[in-house]
Amino acid sequence: MDFAGPSPLREAPHSPPPARLPENALMLKVVVAGPFAVGKTTFVSAVSEIQSRHTEELMTQAGALVDDLDGVDAKTHTTVGTDFGRLTLDDRLVLYLFGSPGQKRFRVLWDDIVRGALGILVLVDTGRLDAAFEVMDMVEAAGLPYVVGVNRFPASPVHSPDDVRVALDLPPGTPVVGIDARDRDACLDALITMTQHVLSPLEMV
Numbered sequence: 087m088d089f090a091g092p093s094p095l096r097e098a099p100h101s102p103p104p105a106r107l108p109e110n111a112l113m114l115k116v117v118v119a120g121p122f123a124v125g126k127t128t129f130v131s132a133v134s135e136i137q138s139r140h141t142e143e144l145m146t147q148a149g150a151l152v153d154d155l156d157g158v159d160a161k162t163h164t165t166v167g168t169d170f171g172r173l174t175l176d177d178r179l180v181l182y183l184f185g186s187p188g189q190k191r192f193r194v195l196w197d198d199i200v201r202g203a204l205g206i207l208v209l210v211d212t213g214r215l216d217a218a219f220e221v222m223d224m225v226e227a228a229g230l231p232y233v234v235g236v237n238r239f240p241a242s243p244v245h246s247p248d249d250v251r252v253a254l255d256l257p258p259g260t261p262v263v264g265i266d267a268r269d270r271d272a273c274l275d276a277l278i279t280m281t282q283h284v285l286s287p288l289e290m291v
């Protein structure tokens, strides 16, 4: 199955939030990271049970002078702060989602965004894997467990998880999952995979 890229819509339909958060639920901070224009805002919008919050602004000609727009010429808005959403997985686990901006000039926010996070979901585009290298370096430097989500765009080549793992020089055992950032179920599956990847070692202690 081919996975499409992000929708131009800034808000996506979401399930009604629970009337009350579960008592004694474990609340975890999850960062959704990735290079510029890979679908982070769309992902958070699609999966959040509350109206997701975004700090998006219209892209300007001045920004084009400092941002790498290669392959993403049609993009008109960009995240300049963070995206925020919430997802209740079950009566024991609630995820708070923080989407990071993709442009290099906003990387100064990175340390604040990942502080207190339990794990990171890194979105990549198989048509621009080279754009993910710097983000992967930052993710690995953060020392947090992570999962790679391949948000395949229509014009992007299809690669197996093993091919992506080799291309990004990922450590053995790093989960690589295919997603469509517009599809809530696909996003939910990716977050479940990431949560299991993060919590499984803790449950063995």
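Just so you know, we're using this note's numbering here: the sequence shown kicks off at 87 and counts up by one.
We put the beta carbon where it would ideally sit given N, CA and C, even for glycine.
Does the beta-carbon of Asp-211 have 16 or more other beta-carbons within 10 angstroms, so that it is buried, or is it exposed? To locate residue 211, count along the sequence shown from 1; it is residue 125. When all chains shown are included, Asp-211 counts as buried.
Along the chain, where does the beta strand (DSSP E) that runs through Ala-119 open and close? Taking the first residue of the sequence shown as 1, we reach residue 119 at position 33. Counting along the chain, the beta strand (DSSP E) containing Ala-119 begins and ends at 112-119.
Is Pro-243 buried or exposed, if buried means 16 or more other CB atoms sit within 10 Å of its CB? As a working mapping, residue 243 is identified with position 157 in the sequence shown. When all chains shown are included, Pro-243 counts as exposed.
Is the beta carbon of Ala-253 sitting closer than 8 angstroms to the one on Gly-213? For this step, residue 253 is matched to residue 167 along the sequence shown. For this step, residue 213 is matched to residue 127 along the sequence shown. No, these two residues do not count as a Cβ contact at 8 angstroms.
Distance between Pro-247 and Gly-259 (C-alpha atoms, nearest Å): One-based indexing of the sequence shown puts residue 259 at position 173. One-based indexing of the sequence shown puts residue 247 at position 161. Roughly 11 angstroms separates the two Cα atoms.
Sorted by chain position, which residues of the same chain lie with C-beta nearer than 6 angstroms to Pro-121's C-beta, five sequence neighbours on each side aside? Numbered from its first residue, the sequence shown carries residue 121 at position 35. Gly-188, Ala-217, Ala-218, Val-221, listed in sequence order.
Do you know how far the Cα of Arg-139 is from the Cα of Thr-168? In the sequence shown, counting from the first residue as 1, residue 168 sits at position 82. In the sequence shown, counting from the first residue as 1, residue 139 sits at position 53. Each residue's Cα considered, the two are about 8 angstroms apart.
Alpha-carbon spacing of Val-233 relative to Val-262, whole angstroms: Position 147 of the sequence shown, counted from the start, is the residue given in the question as residue 233. Position 176 of the sequence shown, counted from the start, is the residue given in the question as residue 262. Roughly 6 angstroms between the two C-alpha positions.
Please work out which residues of its chain come closer than 6 angstroms, Cβ to Cβ, to Tyr-182, disregarding the five sequence neighbours upstream and downstream, and give them in chain order. Here the question's residue 182 lines up with position 96 in the sequence shown. Same-chain partners within the cutoff: Lys-115, Arg-172.
When DSSP labels each residue in this structure, what does Gly-229 get in the three-state scheme? Within the sequence shown, numbered from 1, the residue matching residue 229 stands at position 143. In the structure shown, Gly-229 sits in coil (DSSP, three-state: anything other than H, G, I, E or B).
In the DSSP output, which residue or residues are listed as bridge partners for Phe-184? Here the question's residue 184 lines up with position 98 in the sequence shown. Note: Phe-184 sits in a beta bridge opposite Val-117, Phe-170.
When DSSP labels each residue in this structure, what does Leu-175 get in the three-state scheme? Stepping through the sequence shown from its first residue, residue 175 is reached at position 89. In this structure, Leu-175 counts as strand in the three-state DSSP scheme.
Using beta-carbon positions only, say whether Ala-111 and Val-225 come within less than 8 angstroms of one another. For this step, residue 111 is matched to residue 25 along the sequence shown. For this step, residue 225 is matched to residue 139 along the sequence shown. No, the Cβ-Cβ distance between Ala-111 and Val-225 is not below 8 angstroms.
Quick check on Thr-212: does DSSP put it in helix, strand or coil? In the sequence shown, counting from the first residue as 1, residue 212 sits at position 126. Helix.
Could you check which residue in Ile-278, His-283, Asp-255 has the C-alpha nearest to that of Val-133? Here residue 133 refers to the residue found at position 47 of the sequence shown. Looking at the Cα atoms, Ile-278 is the closest of the given residues.
Answer with buried or exposed for Gly-229, where buried requires no fewer than 16 other C-beta atoms within 10 angstroms of its C-beta. Here residue 229 refers to the residue found at position 143 when the sequence shown is read from its first residue. Gly-229 should be labelled exposed.
Quick check: the Cα distance between Ala-123 and Pro-287, rounded to an integer number of angstroms? Counting from one through the sequence shown, the residue named residue 123 turns up at place 37. Counting from one through the sequence shown, the residue named residue 287 turns up at place 201. Taking the straight line joining both Cα atoms gives about 32 angstroms.
For the beta strand (DSSP E) containing Val-262, name the first residue and the last one. Position 176 of the sequence shown, counting from 1, holds the residue named residue 262. Here the beta strand (DSSP E) through Val-262 covers 262-265.
Using only the alpha-carbon positions, how far apart do Ser-186 and Gly-235 sit? As a working note, residue 186 is residue 100 in the sequence shown. As a working note, residue 235 is residue 149 in the sequence shown. The straight-line gap from Cα to Cα measures roughly 15 angstroms.
What would DSSP say about Thr-165, mapped onto helix, strand or coil? Residue mapping note: residue 165 aligns to position 79 of the sequence shown, counting from 1. Confidence at Thr-165 is low in this model, with a pLDDT of 49, below 50, so the placement of that residue is unreliable and no value is reported for it.
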